[in-house]
Amino acid sequence: MNIKRWIIIIINTLNICVVLFLSVTFYKEFSKVLDNRVLLQLNSIKTLKHIQLQKLINSEWQKINTAKTAQYNSPSFILPATKFDKKGIYDVTHLNPTKETSIVFINFIDGVRKIHLLDYNKVKNILLERTGMGVSGESYLVADDFRLRSQSRFYPKKIPYHIKAKTKGVLKGIKGNFNSGIFLDYRNISVYSAYQPINIGNLNWVILSEIDVDEVSKPLIAMRKKLIFITICIIVVSVFLSLFLTKIITQPIIEMKKRLMIMAKGNYNQNFEVNLESSKSLLAKPKEINEMFEALTSLKTALSGAVDFSVEVGNMNLTSDYSPKSTDDLLGKTLLKMREKLIDFRNKEQQLILNNKRLLVVRLEDERKKLARELHDGIGPFLTTLKFYIQNNIEKESHKKEIKSMIDTTIAEVRSMTNALMPSTLEDFGIGPTLKNYVETIQQSVAIKIEFDDASKGNISNELAINLFRIVQELINNTIKHSKANQIKITLSEFENFISLFYFDDGGGFNLEKINLGSGINNIRERVEIFNGTLDLNTENGTTIFEIEIPI
């Protein structure tokens with residue numbers, strides 16, 4: 001299906017939907033207003049008749065209750081004295097042989113029961129008054145036995161008592177509720193109804209005012225026919241308008257389609273301006289079309305940027321910059337999330353490498369500690385024993401002196417190796433005294449002047465202390481091996497959250513860009529990284545400065 005047909009279908013569908021929606025909404029609102037108006041009218045009629053009935057019954061009761069000489073209209077049937085032995089108003093229709101509606105007033109004068117039967121015609125006259133109730137409207141009474149107590153205008157020859165009315169309004173009214181609504185009446189016909197309980201004396205009745213739904217719906221049906229006619233007219237007009245509009249819209253869209261096909265093949269170098277001068281388009285100034293192509297140009301730029309960024313991310317250049325074009329740029333957000341996940345993965349990988357290196361260093365130090373302990377506890381005592389043995393068993397003094405000198409040299413070498421592997425003072429006295437002792441030992445064998453300033457407090461872990469000792473060892477060894485330094489300065493400072501190591505020598509420095517860093521400096525850098533520290537190396541002005549900070 002081509003775009004022209006699509007536009008015709010869309011425009012007409014929208015028009016039809018809008019017209020139908022407005023028509024249905026108007027019809028429903030009108031119907032709702034009409035329902036409310038009718039129910040309000042019925043409620044007013046019901047209330048008026050309720051007041052009239054109440055006034056009638058109360059006035060009759062007042063007459064016989066206040067005047068001792070009042071004339072009583074006694075019923076022709078007998079009321080059992082045992083059931084009606086109290087003063088009040090009663091519904092005795094069920095006792096009347098003719099089943100005519102019977103309301104009696106029982107009074108006691110000087111101990112004698114007096115019975116007065118209310119004239120039913122007075123009640124009937126009130127209820128048969130149909131002003132404002134149309135052709136099918138009526139008001140009627142129903143007792144708690146669900147039988148009518150007033151004449152039905154639809155069944156004038158039927159005795160009310162023989163007509164049962166167990167409707168929704170009657171059921172709710174008997175329970176003491178008063179309201180209005182639309183439901184089936186005693187004829188099983190849908191009606192608008194307003195109902196209210198009547199509780200006077202011993203009466204438990206419901207008064208209802210109703211009118212047929214069919215009568216009220218006549219103006220609605222007429223209006224519905226008019227709305228259908230208007231809807232058909234609007235649809236016909238919209239079809240002709242859609243044909244005209246389609247002719248205006250499709251020509252530039254077809255032109256744009258050709259250019260989009262070129263874009264779909266990956267050619268983003270074409271000019272997106274639409275030339276309609278040579279065509280017979282009805283659009284004099286296709287501003288909107290040009291704006292659409294400007295949007296396509298922006299899309300091309302955005303896609304190119306996203307592709308370039310994805311290439312950088314693919315090459316693990318995770319520091320490359322990219323900004324989404326808007327808050328709705330899903331592609332840009334996805335690429336940024338991908339970069340974040342890759343950064344997180346790389347950080348975890350680096351952390352794993354650091355943990356492995358730290359574990360390797362810890363195991364290496366453990367092996368050194370074991371080896372130092374073996375040298376100290378095994379070979380050391382053996383050499384000492386050998387020294388005493390020679391001293392006590394070799395008689396020739398020249399041989400004894402020479403052998404003792406060799407053994408003393410061996411003992412000193414073993415102690416030096418033990419101290420280099422794991423100084424015993426490190427666990428006993430901490431990093432400060434250990435470095436001081438180590439510097440003093442080195443100072444005895446080299447001509448370089450070594451100054452050590454200890455400002456540590458001894459609050460660091462044993463692992464960190466060993467690590468700092470190895471770093472200083474490596475730094476001093478590098479200076480002795482590779483520089484012509486005359487002076488070394490070492491400062492160890494401990495702060496609240498980190499410990500700082502400052503190392504300086506005047507051995508001439510080196511060019512960081514040209515020199516190939518040996519394993520010594522790389523070992524130092526790795527040891528600093530293992531403990532999440534920072535290393536600042538400065539080799540300018542003929543000096544070498546290491547500034548190391550490691551968190552405690």
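Residues in the sequence shown are numbered from 1 upward in steps of one, following full-length UniProt numbering. The beta-carbon is built from N, C-alpha and C at its ideal position, and this holds for glycine as well.
Bridge partners for residue i per DSSP, in chain order?
i, result
"Pro-197", "Val-206"
"Val-239", "The partner list for Val-239 (beta bridge, DSSP) is empty, contrary to what the question assumes."
"Phe-309", "Paired residue(s): none; Phe-309 is not in a bridge."
"Asn-179", "Tyr-195"
"Ser-190", "Leu-184"
"Tyr-503", "Ile-490 and Phe-546"
"Thr-534", "Glu-549"
"Tyr-90", "Val-104"
"Ile-211", "Tyr-192"
"Phe-498", "Pro-551"
In whole angstroms, give me the CA-to-CA distance for residue i and residue j.
i, j, result
"Val-472", "Lys-484", "18 angstroms"
"Met-133", "Ile-109", "44 angstroms"
"Val-135", "Lys-226", "25 angstroms"
"Ser-279", "Ile-7", "In this prediction, Ser-279 scores a pLDDT of 43, lower than 50, which makes its location untrustworthy; the coordinate-derived value is nonetheless stated afterwards. Approximately 21 angstroms between the Cα atoms of the pair."
"Leu-276", "Met-256", "Model confidence at Leu-276 stands at a pLDDT of 45, short of 50, so the residue's coordinates are unreliable; what they give is reported in the following sentence. Rounded to whole angstroms, Leu-276 to Met-256 spans 11 angstroms at the Cα level."
"Leu-283", "Val-33", "With a pLDDT of 46 at Leu-283, under the threshold of 50, the modelled position of this residue cannot be trusted; read the value that follows with caution. In a straight line, the C-alpha of Leu-283 is about 47 angstroms away from that of Val-33."
"Lys-285", "Ile-249", "The predicted position of Lys-285 is uncertain, since its pLDDT is 48 and thus under 50; no value can be drawn from it."
"Glu-288", "Phe-240", "24 angstroms"
"Arg-346", "Leu-354", "12 angstroms"
"Gly-332", "Pro-324", "5 angstroms"
"Ser-281", "Ile-11", "The predicted model places Ser-281 with a pLDDT of 46, which falls under 50 and marks its position as unreliable, so this point remains unresolved."
"Gln-151", "Lys-157", "9 angstroms"
"Thr-231", "Tyr-27", "13 angstroms"
"Gly-458", "Asn-437", "16 angstroms"
"Pro-423", "Gly-314", "49 angstroms"
"Arg-339", "Thr-301", "20 angstroms"
"Thr-93", "Leu-117", "11 angstroms"
"Thr-25", "Phe-229", "16 angstroms"
"Phe-183", "Lys-124", "25 angstroms"
"Leu-342", "Asn-290", "40 angstroms"
"Ile-126", "Arg-153", "13 angstroms"
"Lys-337", "Thr-297", "25 angstroms"
"Leu-468", "Asn-538", "19 angstroms"
"Thr-167", "Asp-145", "12 angstroms"
"Lys-83", "Val-112", "15 angstroms"
"Val-216", "Val-38", "8 angstroms"
"Arg-130", "Tyr-155", "16 angstroms"
"Ile-16", "Gly-169", "41 angstroms"
"Leu-426", "Ile-460", "12 angstroms"
"Ile-51", "Asn-36", "22 angstroms"
"Leu-413", "Thr-441", "Leu is not the amino acid found at residue 413; the sequence shown has Glu there. One C-alpha to the other measures close to 13 angstroms."
"Leu-171", "Ser-242", "57 angstroms"
"Gln-350", "Lys-265", "42 angstroms"
Look at residue i and residue j and say whether their C-beta atoms are less than 9 angstroms apart.
i, j, result
"Leu-141", "Leu-22", "no"
"Phe-504", "Ile-524", "no"
"Pro-197", "Gly-173", "yes"
"Lys-86", "Ile-106", "yes"
"Lys-481", "Glu-451", "no"
"Lys-218", "His-162", "no"
"Phe-178", "Tyr-192", "no"
"Ile-103", "Ile-57", "yes"
"Pro-165", "Leu-203", "One detail in the question is off: residue 165 reads as Ala in this sequence, not Pro. No, the pair does not count as a contact, with Cβ atoms beyond the cut-off."
"Ile-499", "Glu-549", "yes"
"Tyr-90", "Leu-148", "no"
"Thr-385", "Thr-479", "no"
"Asn-65", "Asp-119", "no"
"Ile-213", "Ile-234", "Looking at the sequence itself, residue 213 is Val, so the reference to Ile does not match. Result no, Cβ atoms of Val-213 and Ile-234 do not sit closer than 9 angstroms."
"Thr-491", "Asp-453", "yes"
"Glu-474", "Gly-507", "no"
"Val-362", "Glu-463", "yes"
"Gly-88", "Gly-176", "no"
Would you say residue i lies against chain B (beta-carbon separation less than 9 angstroms)?
i, result
"Ile-450", "Absence of chain B from the displayed structure is noted, only one protein chain being present."
Worksheet item: Where are the beta strand (DSSP E) runs, 3 residues long or more, that stay fully inside the stretch 93-166, in chain order?
Response: Note on the stretch 93-166: whole beta strand (DSSP E) runs with a minimum of 3 residues are 103-109, 112-117 and 138-143, in chain order.
Fill in: Meets three-Cβ-pair contact criterion under 8 angstroms: the stretch 39-49 and the stretch 205-217
yes
Item to complete: Count the C-beta pairs between the stretch 391-401 and the stretch 433-441 that are closer than 8 angstroms, then say yes if the count reaches three, no if not.
Response: As far as the Cβ criterion goes, the stretch 391-401 does not touch the stretch 433-441, which means the pair count is below three.
Practice prompt. Decide yes or no for the touch test of the stretch 301-321 against the stretch 491-507: beta carbon pairs closer than 8 angstroms, at least 3 of them.
Written response: Under the 8 angstroms Cβ criterion, the stretch 301-321 does not count as touching the stretch 491-507, having fewer than three qualifying pairs.
Worksheet item: For the stretch 440-486, which segments carrying the alpha helix (DSSP H) assignment without a break, of at least 4 residues, lie completely within its bounds, in sequence order?
Response: Those alpha helix (DSSP H) runs which fall completely within the stretch 440-486 and span 4+ residues are 462-482.
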